[in-house]
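So in this note's numbering, spot 369 of the sequence shown is number 370, and the numbers just go up one at a time. Take a look at the structure set out below.
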Amino acid sequence: MTKKIKAPIKQDTRLVTSGRDPQAFHGFVNPPVYHASTLLYPTAEDQVAHRARYSYGRRGTPTSEALENALRELDGEACAGVALLPSGLAAISAALLATAGAGDHILVTDSVYRPTRNFCNGVFKRLGVETTYYDPLIGAGIAKLFTTNTRVVFVEAPGSQSFEMQDIPAIAKVAHEKGAIVLMDNTWATPLFFRAFEKGVDMQIQAGTKYIGGHSDIMFGCVSANAATLTRLKDTVYTMGLCVGPDDMYLAQRGLRTLGVRLARHYQSGMQIARWLEQRPEVLRVMHPALERDPGHAIWKRDFTGACGLFSIVLKPTSEKSVHAFLNELSLFGLGYSWGGFESLAILFDCAEYRTATTWAPGGPTVRFHIGLENPEDLIADLERGFSALAASK
Ligand SMILES: Cc1ncc(COP(=O)(O)O)c(C=O)c1O
Numbered sequence: 002m003t004k005k006i007k008a009p010i011k012q013d014t015r016l017v018t019s020g021r022d023p024q025a026f027h028g029f030v031n032p033p034v035y036h037a038s039t040l041l042y043p044t045a046e047d048q049v050a051h052r053a054r055y056s057y058g059r060r061g062t063p064t065s066e067a068l069e070n071a072l073r074e075l076d077g078e079a080c081a082g083v084a085l086l087p088s089g090l091a092a093i094s095a096a097l098l099a100t101a102g103a104g105d106h107i108l109v110t111d112s113v114y115r116p117t118r119n120f121c122n123g124v125f126k127r128l129g130v131e132t133t134y135y136d137p138l139i140g141a142g143i144a145k146l147f148t149t150n151t152r153v154v155f156v157e158a159p160g161s162q163s164f165e166m167q168d169i170p171a172i173a174k175v176a177h178e179k180g181a182i183v184l185m186d187n188t189w190a191t192p193l194f195f196r197a198f199e200k201g202v203d204m205q206i207q208a209g210t211k212y213i214g215g216h217s218d219i220m221f222g223c224v225s226a227n228a229a230t231l232t233r234l235k236d237t238v239y240t241m242g243l244c245v246g247p248d249d250m251y252l253a254q255r256g257l258r259t260l261g262v263r264l265a266r267h268y269q270s271g272m273q274i275a276r277w278l279e280q281r282p283e284v285l286r287v288m289h290p291a292l293e294r295d296p297g298h299a300i301w302k303r304d305f306t307g308a309c310g311l312f313s314i315v316l317k318p319t320s321e322k323s324v325h326a327f328l329n330e331l332s333l334f335g336l337g338y339s340w341g342g343f344e345s346l347a348i349l350f351d352c353a354e355y356r357t358a359t360t361w362a363p364g365g366p367t368v369r370f371h372i373g374l375e376n377p378e379d380l381i382a383d384l385e386r387g388f389s390a391l392a393a394s395k
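This is how it looks when you write it as structure tokens:
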């Protein structure tokens with residue numbers, strides 16, 4: 002038996018200890034990677050009685066169990082269990098399929114990650130689930146959007162391009178009064194910076210491709226559920242045959258060990274660069290809820306304990322050619338979607354293309370940055386060169 006940890010411990014200690022049982026694996030620090038489908042029973046009697054700790058690779062191995070345990074421990078007491086999925090989007094669709102079905106109505110924030118919207122407008126519509134998008138700033142005003150068949154409220158704070166902050170406790174209070182379940186995409190803050198279950202969320206989704214993996218090299222997602230929603234979640238995931246490759250599960254668990262130190266650095270460097278950008282003459286506005294001037298700052302300060310490295314800026318109106326010149330000049334920022342890895346990224350985006358409940362008119366071109374683990378002074382120098390290229394291209 003592995004030594005029992007004497008509680009209470011802090012979250013960064015838990016990142017190191019969670020899901021580990023060295024004595025179950027000959028004393029080795031990490032769990033082994035089980036590449037497994039078939040399981041052999043010792044006798045016919047055992048097979049007929051299904052007498053074995055595991056039954057089939059898809060239904061769980063020591064590798065998946067270790068990762069599930071680690072993630073559950075990080076979420077704390079209110080989390081009853083975790084389902085592992087092959088991507089963040091698979092985690093979103095599995096959580097939605099577990100909680101709504103034909104004839105149901107769901108409420109989804111207009112700031113939601115775009116592929117979540119595609120799932121609702123495509124698969125869910127086809128299955129007879131009706132979606133209403135709502136203003137992310139609606140707060141308790143969401144009450145007026147409920148109908149007799151509203152089963153789910155989907156929240157995401159902040160929006161991963163537009164960075165509106167949502168009043169999740171207020172929304173969850175109304176949802177629960179109306180008998181609905183609250184699903185949250187908590188990829189931006191992770192359970193380290195936003196304690197979803199303590200704020201009223203029933204199911205928390207994370208794209209493990211981002212900070213859990215942390216190295217831009219795995220496909221993984223997870224859903225944590227409270228006791229009221231866990232059975233539906235597990236049934237849905239098992240019935241659909243969803244599971245994760247063993248190497249990606251192992252890397253996700255390894256990522257957890259350094260999540261705290263990486264996030265602290267992403268937070269610190271992100272703030273330094275966001276503050277620097279606030280002073281730049283080319284920048285109209287920085288969308289980062291941890292900045293005092295951000296409209297979502299009060300909610301962030303009340304409900305969150307940190308920020309990751311993802312935020313956006315609005316540039317003062319300028320030509321498309323000059324924005325491209327800015328981005329093309331950057332040598333430390335890769336031009337790529339996704340985020341949460343060790344490297345810095347930048348993308349141009351435009352929410353106006355798909356918003357339906359709100360109007361997106363930021364006042365200039367919008368660029369999203371992911372601030373990686375490079376030295377922030379080098380990143381600032383890179384951005385400075387980008388702004389020079391922008392000026393020269395006018
Ligand atoms: C906020 C958010 N949620 C979910 C996802 C989906 O994750 P994945 O790419 O692993 O499917 C992403 C990916 O960019 C994201 O930004």
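For glycine and all other residues, C-beta sits at the position ideal for the given N, C-alpha and C.
Cβ-Cβ distance between residue i and residue j below 9 Å
{"i": "S19", "j": "E78", "result": "no"}
{"i": "A101", "j": "I107", "result": "yes"}
{"i": "F198", "j": "N227", "result": "yes"}
{"i": "V245", "j": "S65", "result": "yes"}
{"i": "A229", "j": "G201", "result": "no"}
{"i": "P290", "j": "F164", "result": "yes"}
{"i": "G310", "j": "T210", "result": "no"}
{"i": "G256", "j": "I213", "result": "yes"}
{"i": "L146", "j": "T133", "result": "yes"}
{"i": "G261", "j": "D13", "result": "yes"}
Residues near residue i in its chain [Cβ-Cβ closer than 8 Å; skip 5 each side]
{"i": "A347", "result": "L328, L331, F334, G335, L336, V368, R369, F370 and H371"}
{"i": "F388", "result": "R281, E283 and F327"}
Exposed unless 16 or more other CB atoms sit within 10 angstroms - verdict on residue i
{"i": "A95", "result": "buried"}
{"i": "S320", "result": "exposed"}
{"i": "F248", "result": "As written in the sequence, residue 248 is Asp, which differs from the Phe given in the question. Classification for D248: exposed."}
{"i": "S313", "result": "buried"}
{"i": "Y135", "result": "buried"}
{"i": "P296", "result": "exposed"}
{"i": "G180", "result": "exposed"}
{"i": "Q167", "result": "buried"}
{"i": "A382", "result": "exposed"}
{"i": "G129", "result": "exposed"}
{"i": "R21", "result": "buried"}
{"i": "R127", "result": "exposed"}
Separation of residue j from residue i, as counted between CA atoms
{"i": "Q269", "j": "T237", "result": "39 Å"}
{"i": "S339", "j": "A25", "result": "36 Å"}
{"i": "G123", "j": "I182", "result": "21 Å"}
{"i": "F350", "j": "P363", "result": "11 Å"}
{"i": "L243", "j": "A92", "result": "10 Å"}
{"i": "H298", "j": "G104", "result": "38 Å"}
{"i": "K4", "j": "P23", "result": "9 Å"}
{"i": "K317", "j": "L285", "result": "5 Å"}
{"i": "L374", "j": "R263", "result": "7 Å"}
{"i": "V34", "j": "D218", "result": "17 Å"}
{"i": "L16", "j": "T39", "result": "31 Å"}
{"i": "A173", "j": "V153", "result": "10 Å"}
{"i": "A50", "j": "Y239", "result": "20 Å"}
{"i": "E293", "j": "M241", "result": "45 Å"}
{"i": "A67", "j": "K7", "result": "19 Å"}
Nearest residue (CA-CA) to residue i, options the options
{"i": "P366", "options": "A81, C352, E375 and T360", "result": "C352"}
{"i": "G140", "options": "F155, T132 and G242", "result": "F155"}
{"i": "K305", "options": "T191, R258, A390 and V245", "result": "The residue asked about is misnamed: residue 305 is Phe in this sequence, not Lys. Closest option to F305, Cα to Cα, is T191."}
{"i": "P116", "options": "H325, L97 and L40", "result": "L97"}
{"i": "T359", "options": "V49, D111, Q48 and A67", "result": "D111"}
{"i": "L184", "options": "A171, N119, L234 and Q205", "result": "Q205"}
{"i": "H267", "options": "M250, P377, R196 and R258", "result": "P377"}
{"i": "G215", "options": "R54, Q254 and Y42", "result": "Q254"}
{"i": "G142", "options": "A171, D47, T44 and F343", "result": "A171"}
Proximal residues to residue i (C-beta, below 7 Å), its chain only, five neighbours per side dropped
{"i": "V287", "result": "A275, L278, E279, F312 and I314"}
{"i": "Y114", "result": "E157, S161 and D186"}
{"i": "A37", "result": "G58 and T62"}
{"i": "S394", "result": "K322, S323 and A326"}
{"i": "D379", "result": "L333"}
{"i": "I300", "result": "M166 and D168"}
Spatial neighbours of residue i in its chain, beta-carbon cut-off 6 Å, leaving aside the 5 residues before and after
{"i": "V83", "result": "E69, L72, R73, C223 and S225"}
{"i": "A208", "result": "G89, T188 and G222"}
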